[in-house]
Amino acid sequence: MFSIVRSLWITFLHMFHKRETVQYPEQKNKLTTRWRGRIVLTRDPDMGERCVGCYLCAAACPVDCISLQATEDESGRRYPEFFRINFSRCIFCGFCEEACPTYAIQLIPDFEMSEYNRQNLVYEKNELLIDGPGKHPGYNFYNIAGVAISGKGKGENDNEMPPIDTKSLLP
Amino acid sequence: MATLYIDNKPHEIKPGNSLLETCLSLGFDLPYFCWHPALGSVGACRQCAVKVFKDADDKKGRLMMSCMEPATDNQRISILDKDAVEFRAGVIEWLMTNHPHDCPVCDEGGSCHLQDMTVMTGHAYRRFQYKKRTHLNQNLGPFINHEMNRCIQCYRCVRFYNDYAGGTDFGVFASKANVYFGRHEEGTLESEFSGNLAEVCPTGVFTDKTLKQHYTRKWDLTMSPSICQHCSLGCNIIAGERYGDLRMITNRYHGEINGYFICDRGRYGYEFVNSEGRIRQPILHQHVVDREKILTEVSVLLKNSKVIGIGSPRASLQSNFVLKELVGKAHFYQGVSTREQSMDELALAILKDGPVRTPSMKEVEEADAVLILGEDLTNTAPMLALAIRQSIRQEPMKEAAKISIPPWNDAAVREVIQDKKGPLYVATVAETKLDDVATSTYRAAPEEMARLGFAVAHLLDQTAPEVIGLNEADLALANRIVHSLLSAERPVIISGSSCQSESVMKAAANVSWALHKKNKNVGIVLTVPECNSLGLAMMGGNPMEAAFQAVENGEADTVIIMENDLYRHSSKTVADKFISRCKNVIVLDHSHHATSANAHVLIPAGTFAEADGTLVNNEGRAQRFFQVQESANTIKESWRWLLDIGAASDNARIKQWKNFDDITVTIANEEKLFNGIDKVSPPSDQRMADGQRVPRQPHRYSGRTSMLANVNVSEPKPPEDYDSGMSYTMEGSRTLPPSSMIPFFWSPGWNSVQSVNKYQKEVGTALRDGDPGVRLLETNSDSPVDYFKEIPEKFRAIKNQLWIVSVYHIFGSEELSAKSASVAQRVPGSYLLIHRNDSEALKLTEGEIIEFQIKEQQYRLPIKWSDSIAQGTAGLPIGLNSVPYVDLPAWGILKK
Amino acid sequence: MDDAIIHRLWIIAGVLAGLLIVAPGLIWLERRMLALWQDRYGPNRAGPFGLLIVLADTLKLFFKEDWIPPFADKFVFVIAPTIVVVTVLLSFIVVPFAPGVMVSDLNIGILYFLAMSSLGAYSIILGGWASNNKYSLLGAMRGAAQMISYEVFMGLSMMGVVLLSGSFSLNTIVEAQKDMWFIIPQFAGFVIFLIAGIAETHRLPFDIPESESELIAGFHSEYSSMKFGLFFVGEYLGIILISSLTVSLYFGGWLGPDFLPPLLWFCLKTFAFICFFILLRASLPRPRYDQLMEYGWKIMLPIALLNLVVTAGVILMYK
């Protein structure tokens with residue numbers, strides 16, 4: 001009985017506390033860089049598209065709102081032919097960012113993307129791609145991956161030896 | 001039965017198999033690389049180590065490679081032993097020191113055996129800090145992509161390509177950790193089975209190059225069990241679709257037919273489905289119209305004119321049957337030339353009424369003596385050639401069995417066999433790719449081959465007709481063949497329709513029957529031209545000449561041509577005349593060709609990817625292919641179009657049929673020969689035990705709410721399948737489907753094709769509830785032997801004429817696969833194959849143009865020399881697009 | 001027409017209008033007060049202080065799809081929400097707002113109120129039963145049990161006041177408190193009446209018939225649009241009723257110092273109790289159903305009886 005009265009009293013005293021509400025459109029919160037908002041596709045430091053079309057983001061997506069088609073340029077560098085995110089389905093869980101092996105797909109602190117027409121929430125690659133590396137400024141997947149692309153032959157990565165000569169029998 | 005103790009738990013096993021195979025059959029997960037159920041064990045990768053204990057008291061045990069140890073009774077092993085687990089993890093870790101960091105851009109990713117095994121052993125972090133070894137790649141042609149950096153040196157590729165498939169242009173180079181798998185120089189892989197490297201390779205060194213052009217992960221494909229449409233063998237395939245395009249064909253294990261492999265024509269011929277040459281809209285007098293318009297138009301035509309229907313050997317039984325019903329039995333024509341039809345009917349008669357049964361390809365692999373009469377198998381029925389390459393090992397393998405080497409111990413068996421080969425006799429028009437393993441080859445005109453066959457039959461059984469006037473050499477060969485056949489336990493005689501000579505096939509039948517009389521366990525295999533040739537022969541129908549006659553006489557004025565290009569089965573002049581005489585030409589097909597170009601009404605039919613149907617392969621096995629995708633356009637199965645047309649024109653019988661099952665059950669009930677084809681696949685209303693359908697999509701299928709969002713953000717209702725118990729979505733039962741409707745192989749922890757182990761009763765044997773398909777032609781071995789007696793005359797060359805016979809090419813001779821972009825790169829140019837001496841007598845050298853005439857058809861072709869083709873004969877690569885059809889064999893009259 | 005009748009009609013109209021304006025206003029009040037105690041703002045966008053939220057909510061309720069589930073018992077389903085509103089409104093007949101401002105000074109005022117509140121239980125039972133939904137039915141059964149149980153000692157607790165004033169008429173009871181509010185001699189009765197009143201209106205913490213965490217929305221799960229709105233309004237009217245009865249029975253009704261008119265005194269006191277109701281909602285968790293019943297029968301009933309006996313004894317002793 002006393003505890004009930006006590007809780008009533010404590011609740012009552014909250015009348016004189018400061019209110020926590022942030023009056024959103026007039027007042028804005030500072031969002032951290034880890035905020036999971038709008039999804040972007042970043043570029044590597046050489047301004048090449050980071051996305052290699054590996055489909056892992058699409059596979060990780062619990063609402064299946066990412067679809068893409070991988071393709072290759074003449075040199076063998078992979079990139080997405082199209083990359084589509086249906087933000088009307090997206091739940092901003094960030095799994096795609098976690099799945100991405102090349103840091104291409106990133107969620108940024110922007111959530112103000114409401115539309116009157118649902119169709120406008122379907123973002124294509126040109127709307128997703130930004131001109132920068134996002135949260136991982138130095139990373140370039142092709143500097144580590146063992147495939148050759150234009151400007152980088154076999155064995156030219158930092159962690160690679162030059163290609164072997166199949167005719168050599170030297171130890 | 002024996003007992004094997006695995007981690008102290010007893011298991012009932014069949015002794016004799018390797019421990020690895022036994023453990024996998026029992027359902028244990030044990031990693032491996034170099035072992036392959038079809039290739040056997042060599043113990044190279046050291047990945048499948050287990051602890052083997054002496055007895056129950058032995059606590060220490062020894063690490064052994066489970067693939068190299070036979071399972072014995074009361075044996076005690078441990079998979080989970082700490083040492084074994086550590087050893088296996090260590091092996092993976094070593095392999096991964098050089099494996100590149102490129103899974104995201106690797107086509108194997110998501111269906112990669114190396115990924116699976118790495119996860120299975122728990123290796124997650126590369127401790128090795130030094131640099132990675134790299135390799136340069138080679139361009140291996142239009143089929144296979146090469147990325148050597150990924151290699152883990154399991155040697156499976158060379159073992160398949162060289163040892164199993166008999167390839168010669170591939171090998172292993174360099175030494176130690178640097179070994180390199182590839183060709184001695186860049187260039188196209190010559191083997192007809194090179195595509196299997198993509199499946200044999202446990203990682204991404206060899207991948208499907210056509211897939212790369214529209215790359216899709218395995219988990220994103222909508223897949224269906226299908227049947228290869230590119231020859232008569234009926235190999236089982238899995239067809240995968242994404243974004244409305246057919247993306248990939250992979251092997252679908254069938255214990256009796258194709259086993260673990262398919263040929264390159266089957267794997268890469270699919271691209272015609274996506275090609276520009278597809279008919280995608282109904283076209284009425286050169287104008288695209290909608291579905292209703294075309295239906296009313298055709299039904300009006302049906303009512304107001306005299307209609308005949310021309311079926312097709314490449315259309316399903318259902319399509320042919322409904323067409324037959326629509327136009328009436330008397331007005332249904334088979335759509336193949338009279339000679340082709342008589343060949344197919346002869347093959348059917350031999351298989352149906354003769355006393356000798358036709359073996360499956362698995363049984364051919366186990367044959368210990370093979371006689372091939374007139375078939376260039378590598379080019380007409382490629383997988384059969386692969387089976388024969390295994391069969392020649394059977395006889396020498398008896399040696400290995402004598403010294404107790406089990407057949408799966410591949411390296412040891414090959415050591416015993418060395419270069420010894422079992423008896424294989426190849427009688428063909430020109431050289432074949434099997435010549436290198438043949439005991440003897442025989443090059444002659446079809447008549448001569450037939451005479452050799454008849455002679456063999458006579459030598460085996462004196463009651464068989466005798467061949468008069470056989471020369472010494474041929475008689476000696478015949479005697480050798482007889483000797484080999486008689487000393488074999490399971491001889492197989494192979495012939496077929498590619499010579500277009502009835503006497504060759506009859507000779508083969510005589511040989512097999514003679515052997516049967518000697519109480520030999522003999523089999524006869526006959527190949528036929530198209531995927532459903534035998535089915536069409538079983539269904540019956542008038543010869544095409546009769547159709548031409550009917551239109552000529554005015555008995556008919558409208559023709560429905562279904563999935564058939566008349567210009568491939570009759571000469572241009574005849575076909576042109578026929579089409580011009582018809583008032584209305586209705587063509588129902590999936591791809592444009594010469595006949596469709598002349599059509600007044602063009603209806604878009606579905607390819608095997610957009611259709612359900614049943615085909616009968618050369619073994620008489622009815623098999624079902626399932627639709628992969630619901631087309632966004634008006635493309636539908638031929639039979640469904642015909643059902644709609646029948647309903648629109650008030651055909652009382654056809655109106656009752658609503659789906660695939662209705663037609664199939666009707667065929668099974670009404671046509672005696674087709675009894676049982678309704679048992680080929682479960683009925684469409686059958687569901688899995690949990691009441692759900694079998695999903696065509698893996699559970700990781702992605703992009704469902706996005707792939708069509710560019711068109712409309714509101715997702716459409718997924719298509720429903722009224723013809724089978726499968727769904728087009730990822731929703732459905734996750735238990736093992738019935739073996740006739742396995743859309744893809746997947747098992748937890750086994751994403752690659754190696755998961756097929758989990759779908760088999762025992763590794764390498766039949767699928768869980770039996771291999772799919774129903775054999776329609778089971779012969780009665782007590783049927784009386786009634787030898788064919790028409791022995792052809794000896795072949796005599798005529799001056800200034802050449803006896804032209806057809807030769808075939810795996811890439812090019814078949815109509816549909818030749819439309820595939822990758823296969824088209826392998827199609828040879830047209831030529832005339834003649835003997836060097838004949839050519840020199842004409843004062844023509846190789847490459848020069850020779851002009852000749854066959855009937856009214858003119859030819860100007862470059863000469864190709866052969867040293868083995870019989871003089872006075874010439875080989876014409878029939879079926880190539882640049883070689884117009886002519887009824888062969890025929891005399892070609894040379895022009896000066 | 002008789003002036004008295006016209007006067008009475010004016011009063012009826014006034015009370016009705018007042019109640020129907022105040023009841024939706026409580027939506028706003030409750031949300032603002034809850035927000036206040038939870039360090040928030042509550043509705044503050046529509047109109048001054050967010051007052052137009054009342055209008056918005058009402059409009060929203062009116063424009064929602066008026067859905068009757070196909071499996072429901074249609075007639076009963078429609079009739080159920082009206083019962084609660086009608087019975088509560090009828091109860092207001094006996095509430096003395098101010099001297100002379102009273103629809104009818106029945107001499108059985110308290111009995112009449114008890115009768116009406118018992119009828120209110122039908123609303124819940126019928127609503128839950130007609131919905132033909134297991135959650136609704138469970139809610140309805142709980143509601144019925146709860147209302148009938150708590151009614152017993154609610155009546156008993158009021159008897160103390162009746163004994164002191166010697167009348168069932170609320171007007172007389174209020175006037176009897178001229179010297180001393182009954183809260184002082186009848187403190188136990190007041191507490192019991194208040195608790196029972198909360199249970200009667202099935203307000204938090206005794207909203208067991210609704211208990212959304214286990215029964216979706218209890219007896220009104222299937223209701224939408226204005227049918228749901230009627231339950232909603234009925235609940236707020238119930239709050240006002242119990243508050244005004246508490247004021248009348250224990251806090252001297254309209255009585256108060258002369259600087260304010262009696263009606264305002266009455267309204268102020270009632271308002272305070274309405275706020276108390278909201279404070280309860282802001283601070284207390286919902287008891288379990290069995291706890292609720294146990295509390296009612298094993299604790300409240302004996303205390304109510306004891307209170308009655310002691311009060312009667314004291315009165316007998318001093319008279």
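Protein chains in written order, with this note's numbering: chain A, 1 to 171; chain B, 1 to 896; chain C, 1 to 319.
Note that the Cβ used here is the ideal one computed from N, Cα and C, for glycine as well.
In this text, all values refer to a predicted model and were calculated from it rather than measured experimentally.
Inset, instruction - Would you check if the stretch 10-29 of chain B and the stretch 59-69 of chain B touch, i.e. whether three or more CB-CB distances between them fall below 8 angstroms? - result: yes
Inset, instruction - Use the C-beta contact count for B/LEU434: other C-beta atoms within 10 angstroms, 16 or more gives buried, fewer gives exposed. - result: Translated into the one-based positions of the second sequence, residue 434 of chain B becomes position 434. With 16 or more Cβ atoms within 10 Å of its Cβ, B/LEU434 is classed as buried.
Legend entry - Residue(s) in a DSSP beta bridge with B/MET65: Looking up residue 65 of chain B in the second sequence gives position 65. Paired residues: B/ALA49.
Legend entry - Which listed residue (B/VAL307, B/HIS230, B/ASN236 and B/ILE257) has its alpha carbon closest to that of B/TYR270: Locating residue 270 of chain B in the second sequence gives position 270, counting from the first residue. Of B/VAL307, B/HIS230, B/ASN236 and B/ILE257, the residue nearest in Cα terms is B/HIS230.
Inset, instruction - Please confirm if the stretch 676-684 of chain B is in contact with the stretch 766-775 of chain B, defined as three or more CB-CB distances below 8 angstroms between the two stretches. - result: yes
Legend entry - Span of the alpha helix (DSSP H), counted from its first residue to its last, around C/VAL152: Here residue 152 of chain C refers to the residue found at position 152 of the third sequence. Segment 134-165, the alpha helix (DSSP H) holding C/VAL152.
Legend entry - Touch test, the stretch 85-101 of chain A against the stretch 60-73 of chain A, Cβ-Cβ under 8 angstroms, three pairs minimum: yes
Inset, instruction - Would you kindly work out how many angstroms separate the C-alpha atoms of B/PRO225 and B/SER740, rounded to a whole number? - result: The residue you call residue 225 of chain B lines up with position 225 of the second sequence. The residue you call residue 740 of chain B lines up with position 740 of the second sequence. Their backbone Cα atoms lie some 8 angstroms apart in a straight line.
Inset, instruction - Could you tell me which residues DSSP pairs with B/ASN584 in its beta bridges? - result: Residue mapping note: residue 584 of chain B aligns to position 584 of the second sequence, counting from 1. Partner(s): B/THR558.
Inset, instruction - Kindly indicate the opening and closing residues of the beta strand (DSSP E) around B/LEU602. - result: Looking up residue 602 of chain B in the second sequence gives position 602. B/LEU602 -> beta strand (DSSP E) spans 601-604.
Inset, instruction - Starting from the C-beta of A/GLY134, find all residues in its chain whose C-beta is less than 6 angstroms away, skip the five residues before and the five after it, and write them out in chain order. - result: Here the question's residue 134 of chain A lines up with position 134 in the first sequence. The answer, listed in chain order, is THR42 and GLN106.
Inset, instruction - May I have the straight-line CA-CA distance separating B/GLY764 from A/PHE141, to the nearest angstrom? - result: By 1-based counting over the second sequence, the position of residue 764 of chain B is 764. By 1-based counting over the first sequence, the position of residue 141 of chain A is 141. Distance between the alpha carbons of B/GLY764 and A/PHE141: 41 angstroms.
Legend entry - Short CB-CB distance (under 7 angstroms) between A/MET15 and chain C: Here residue 15 of chain A corresponds to residue number 15 of the first sequence, with the count starting at 1. Cβ-Cβ to chain C under 7 angstroms: yes for A/MET15.
Legend entry - Short Cβ contact (7 angstroms threshold) for C/SER339 with A/LEU8: No information on residue 339 of chain C is available, as it lies outside the stretch 1 to 319 that chain C covers here.
Legend entry - Contact under 7 angstroms by Cβ, C/LEU170 with C/VAL94: Residue 170 of chain C sits at position 170 when you count from the first residue of the third sequence. Residue 94 of chain C sits at position 94 when you count from the first residue of the third sequence. Yes, the Cβ-Cβ distance between C/LEU170 and C/VAL94 is below 7 angstroms.
Legend entry - A/THR166: contacting residues in chain B (beta-carbon distance under 7 angstroms): Sequence index remark: in the first sequence, residue 166 of chain A carries index 166 (1-based). Here the neighbours are PHE173, ALA174 and TYR180.
Inset, instruction - Please classify B/LYS895: is it buried, with 16 or more other beta-carbons within 10 angstroms of its beta-carbon, or exposed? - result: Counting from one through the second sequence, the residue named residue 895 of chain B turns up at place 895. So B/LYS895 ends up on the exposed side.
Legend entry - Assigned secondary structure, B/LEU880 (DSSP; H/G/I helix, E/B strand, else coil): Position 880 of the second sequence holds residue 880 of chain B. Note: B/LEU880 maps to coil in three-state DSSP.
Legend entry - Where the alpha helix (DSSP H) through B/HIS483 begins and ends: For the purposes of this step, residue 483 of chain B is taken as the residue at position 483 of the second sequence. Its alpha helix (DSSP H) spans residues 472-487.
Legend entry - C-beta contact flag for B/LYS329 and B/ASP557 at 7 angstroms: Residue mapping note: residue 329 of chain B aligns to position 329 of the second sequence, counting from 1. Residue mapping note: residue 557 of chain B aligns to position 557 of the second sequence, counting from 1. Taking 7 angstroms as the Cβ cut-off, B/LYS329 and B/ASP557 do not qualify as a contacting pair.
Inset, instruction - Return the chain-ordered list of same chain residues with a C-beta closer than 8 angstroms to the C-beta of C/LEU19, the five sequence neighbours on each side being excluded. - result: Here residue 19 of chain C refers to the residue found at position 19 of the third sequence. Contacts found: LEU89, PHE92, LEU237 and ILE240.
Inset, instruction - Quick one: measure Cβ to Cβ for B/GLY847 and B/PRO828, integer angstroms, because I've assumed they're closer than 8 angstroms. - result: Residue mapping note: residue 847 of chain B aligns to position 847 of the second sequence, counting from 1. Residue mapping note: residue 828 of chain B aligns to position 828 of the second sequence, counting from 1. No, B/GLY847 and B/PRO828 are not in contact; Cβ-Cβ is about 13 angstroms, not under 8 angstroms.
Inset, instruction - Taking C/ASP290 as the query, report the chain A residues whose CB atoms sit under 8 angstroms from its CB, ordered along the chain. - result: On the third sequence, position 290 is the one that residue 290 of chain C refers to. Simply none; closest approach about 18 angstroms.
Legend entry - Residue(s) in a DSSP beta bridge with B/SER78: Within the second sequence, residue 78 of chain B is the residue found at index 78, counting from 1. Answer is B/LYS51.
Legend entry - C/ASP73, DSSP secondary structure in three states: Position 73 of the third sequence, counting from 1, holds the residue named residue 73 of chain C. It is coil, neither helix nor strand.
Legend entry - Identified DSSP bridge partners for B/TYR215: The residue labelled residue 215 of chain B in the question sits at position 215 within the second sequence. Looking at the DSSP assignment, B/TYR215 forms no beta bridge with any residue, so it has no partner.
Inset, instruction - Name, in chain order, the residues that DSSP records as bridge partners for B/THR873. - result: Here residue 873 of chain B is taken as the residue at index 873 of the second sequence, counted from 1. Per DSSP, B/TRP803.
Inset, instruction - With distances taken Cα to Cα, identify the nearest neighbour of B/ALA124 among B/LEU114, B/LYS131, B/TYR130 and B/PRO142. - result: By 1-based counting over the second sequence, the position of residue 124 of chain B is 124. Here the closest residue by C-alpha is B/LEU114.
Legend entry - Where A/SER7 meets chain C, residues with beta-carbon distance less than 8 angstroms: Against the first sequence, residue 7 of chain A aligns to sequence position 7. Per Cβ cutoff of 8 angstroms: SER283 and LEU284.
Inset, instruction - Compare the C-beta of C/TRP297 with all C-beta atoms of chain A and state if any pair is closer than 7 angstroms. - result: By one-based count along the third sequence, residue 297 of chain C stands at place 297. So, not an interface residue.
Inset, instruction - Leaving aside the five residues before and after C/GLY368 along the sequence, list all residues of the same chain whose C-beta is less than 6 angstroms from its C-beta, in chain order. - result: Any answer about residue 368 of chain C is impossible in this case: the structure gives chain C only from 1 up to 319.
Legend entry - Best match in B/TYR885, B/TRP35, B/ILE645 and B/ASN98 for proximity to B/GLU292 [C-alpha to C-alpha]: Taking the second sequence and counting its residues from 1, one reaches residue 292 of chain B at position 292. Checked all of B/TYR885, B/TRP35, B/ILE645 and B/ASN98; the closest Cα to B/GLU292 is B/ILE645.
Inset, instruction - Could you have a look at C/TRP129 and say whether DSSP puts it in helix, strand or coil? - result: On the third sequence, position 129 is the one that residue 129 of chain C refers to. Helix at C/TRP129.
Legend entry - C-alpha distance - B/ASP290 paired with B/HIS600, whole-angstrom precision: Stepping through the second sequence from its first residue, residue 290 of chain B is reached at position 290. Stepping through the second sequence from its first residue, residue 600 of chain B is reached at position 600. The straight-line gap from Cα to Cα measures roughly 15 angstroms.
Legend entry - 7 angstroms Cβ cutoff met for B/LEU459 and B/VAL482: Position 459 of the second sequence, counted from the first residue, corresponds to residue 459 of chain B. Position 482 of the second sequence, counted from the first residue, corresponds to residue 482 of chain B. Cβ atoms of B/LEU459 and B/VAL482: closer than 7 angstroms.
Inset, instruction - Please list the partners that B/ARG704 has in chain A, where partner means a Cβ-to-Cβ separation under 8 angstroms. - result: Within the second sequence, residue 704 of chain B is the residue found at index 704, counting from 1. Here the neighbours are ASP64.
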